Amino acid sequence: MAILPEDRERLAWWVFTAAMLGLLAFVLWSFVGTVVFGVFLYYGMRPLDRRLRRRLSSDTAADLTMVLVTVPVVLLVGYTAVVGIQELSQLTGSDPSSFARFVPWSPQNPTALVEDLQKVLGPEPARTNSQELLSAVVSGLSTAATALAHFFLSLLLAFVLLREDGRLAAWYRDQFGSEGSAAYTYALAVDRDLHSVYVGNVLTVFAVTVLGLVVYNGLNLVAPPDLAVPAPALVALLTGLATLVPLVVGKIVYVPVGLLLTYQATRGPGSGALWFPMLFFAVCFLVLDLLPVAILRPIIAGRNVHGGLMVFAYIGGTMLFGWYGLFLGPLLVVLGVQLARIVVPELIHGDPVTREVEAAESLGTTPENAASDDVTTDGGKSDETEADGETNG
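Numbering (our numbering), first residue to last: 93 to 485.
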């Protein structure tokens, strides 16, 4: 049996490894939106996971974190659907129960399907209209199912990272960079900046949502009869989510609502109720627009990463990559900034790459802060200690 020489065997393994890495890169790029959204969810849930780890094991803390996050999400989706059906029924003048035929588990659904099939098998004009309707419904359901599948894949990725981040960090430290090395410092600084950016965004969303609840419900207390903010809790949540987009902030939500209130006020008897839409725009602009941009985001998100770079990351990333650029843009900026600060200057000057920051010291986390920050990942030390204890036990 012929055996390859050692050098050829290593070359064969390198070729196979390169092929696998290329295949992995292709898969990751094919699901890049799902992956970066999963990374965002991971950093958003990690503070809760770290608090639970103080009393529970890492695996149990990750499980409980997912439960505490997914249950409110499911309830929120159900609440949004109920509010949407109520608003649609008011717009169309139909009873909300008439929409039950579109729910797959509804008792009315089999009868509705039979009626639709009979229309399809009927005369040619009715067949064409029914086919177009069913095609639109199937297309919409397919799109929704695909989006839901990607969302759950992102949740699964975040869950895996929550459970295995310590072990992955320990593997990285053992294979690529021990403590004090440039590789270790670079990874730690990137982790700290991503934590600051992503968690800051999540906290800003919660803060603006709470402000929205106060503002919208407070405005409804002084609103004229038959003129109020519709579904204030849902509108507040959407306003909070809109703060993820810089510059736009809550305008994408409260401006259409304000225009709707203005339309309703002009349709009423006289124009005396126009003061309420004007008050609505003024309060929303001050509290839900200027306040998050000027005060909340700088305080909550921290000042580790330059604000101008983050604005460019959000807007430029969205313009270049689409919806997932909202999460990929900041990731690429953080990776590039830390590379320019820690690695590139020493490479250009031909010096050994160390953990020292040689340029743009104010743009990101310094290695000393990253190493001493107890919010960042522990490099797998706690999980490694647990594993050693189980082995010794």
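Positions of the beta carbon are idealized from the N, C-alpha and C atoms, including for glycine. None of the values given here were measured: they were computed from a predicted structure.
Check                                                                                                                                                                                      : Outcome
When you compare the segment 153-161 with the segment 251-260, are there three or more beta-carbon pairs, one atom per stretch, that lie closer than 8 angstroms?                          : yes
Answer yes or no: do proline 316 and alanine 374 have a C-beta to C-beta separation smaller than 8 angstroms?                                                                              : no
Run through DSSP, which three-state label would asparagine 201 get?                                                                                                                        : With a pLDDT of 48 at asparagine 201, under the threshold of 50, the predicted position of this residue should be treated as unreliable, though the coordinate-derived value follows. Helix at asparagine 201.
Would you grab the beta carbon distance between leucine 353 and proline 369 for me? Rounded to a whole angstrom, and I think it's under 8 angstroms.                                       : 4 angstroms
Near leucine 401, which residues of its chain fall below 6 angstroms by C-beta distance, leaving aside the five closest residues on each side in sequence?                                 : Val425
First and last residue of the alpha helix (DSSP H) that includes glycine 310?                                                                                                              : 274-314
In terms of residues, what are the limits of the alpha helix (DSSP H) holding glycine 350?                                                                                                 : 343-359
Assign serine 288 to buried or exposed, taking buried as 16 or more other Cβ atoms, counted over all protein chains shown, within 10 Å of its Cβ.                                          : buried
Excluding five sequence neighbours on each side, which residues of the same chain lie with their C-beta closer than 8 angstroms to the C-beta of arginine 100?                             : none
Could you work out which residue in Ile344, Leu351, Ser273 is closest to leucine 371 when comparing CA atoms only?                                                                         : Leu351
Near alanine 117, what residues of its chain come up, given a Cβ to Cβ distance below 8 angstroms and the 5 sequence neighbours on each side ignored?                                      : none
DSSP three-state label for threonine 335, please.                                                                                                                                          : coil
On the criterion of 16 or more Cβ atoms from any shown chain inside 10 Å, does tyrosine 355 qualify as buried, or is it exposed?                                                           : exposed
Please report the Cβ distance between alanine 250 and leucine 380, rounded to the nearest whole angstrom; I am assuming they are in contact, meaning their Cβ atoms lie under 8 angstroms. : Between leucine 380 and alanine 250 the Cβ distance is about 28 angstroms, and since that is not below 8 angstroms, they are no contact.
Count the C-beta pairs between the segment 264-277 and the segment 108-123 that are closer than 8 angstroms, then say yes if the count reaches three, no if not.                           : no
Please classify histidine 242: does DSSP put it in a helix, a strand, or coil?                                                                                                             : helix
Here's a check: name, in chain order, each residue in its chain whose Cβ is nearer than 8 angstroms to the Cβ of threonine 446, leaving out the five neighbours to either side.            : Ala274, Glu438
Where do the N-terminal and C-terminal ends of the alpha helix (DSSP H) with phenylalanine 419 fall, by residue?                                                                           : 417-434
Quick one, are the C-beta atoms of alanine 357 and isoleucine 344 less than 8 angstroms apart?                                                                                             : no
Compare the Cα-Cα distances from tyrosine 406 to each of Val397, Gly272, Leu418 and report the closest residue.                                                                            : Leu418
Mind reading off the beta-carbon distance from cysteine 376 to valine 307? Whole number of angstroms is fine, and I expect it under 8 angstroms.                                           : 7 angstroms
Does the structure place the segment 278-292 close enough to the segment 322-333 that three or more beta carbon pairs sit under 8 angstroms?                                               : no
If we ignore side chains and look at the alpha-carbon of each, how far apart do arginine 433 and methionine 158 end up?                                                                    : 35 angstroms
Under three-state DSSP, which class holds serine 149?                                                                                                                                      : coil
Note the first and the last residue of the continuous alpha helix (DSSP H) segment covering valine 397.                                                                                    : Segment: none, valine 397 is in no alpha helix (DSSP H) and carries neither H nor E.
By a C-beta neighbour count over all protein chains shown, 10 Å radius and 16 as the cutoff for buried, is methionine 137 buried or exposed?                                               : buried
Just to check my reading of the structure: leucine 160 and alanine 299 have Cβ atoms closer than 8 angstroms, yes? What is that Cβ distance to the nearest angstrom?                       : In fact, because the Cβ distance is near 19 angstroms, the residues do not count as touching under 8 angstroms.
Can you name the start and end residues of the alpha helix (DSSP H) that alanine 374 belongs to?                                                                                           : 367-377
Whole angstroms is fine: what's the gap from leucine 245's alpha carbon to aspartate 443's?                                                                                                : 43 angstroms
Going by alpha carbons, who is nearest to glycine 428 out of Trp415, Val124, His398, Val294?                                                                                               : His398
Pop quiz: glycine 304 and glycine 272 are said to be a contact at Cβ under 8 angstroms. What is the actual Cβ separation, rounded to whole angstroms?                                      : Glycine 304 to glycine 272, Cβ: 46 angstroms. No contact.
One question on the structure: do leucine 326 and valine 297 come within less than 8 angstroms of each other, judged by their Cβ atoms?                                                    : no
Rounding to the nearest angstrom, what Cα-Cα distance links methionine 112 and alanine 104 in this structure?                                                                              : 12 angstroms
To the nearest angstrom, report how far apart tryptophan 197 and proline 384 are at their CA atoms.                                                                                        : Summary for tryptophan 197: the model assigns pLDDT 43, below 50, so the residue's position carries little reliability, and this model does not support an answer.
Could you round the C-beta distance between tyrosine 264 and valine 435 to whole angstroms and report it? I think they count as a contact, below 8 angstroms.                              : Going by Cβ atoms, the distance from tyrosine 264 to valine 435 rounds to 16 angstroms, so no, they are not a contact pair.
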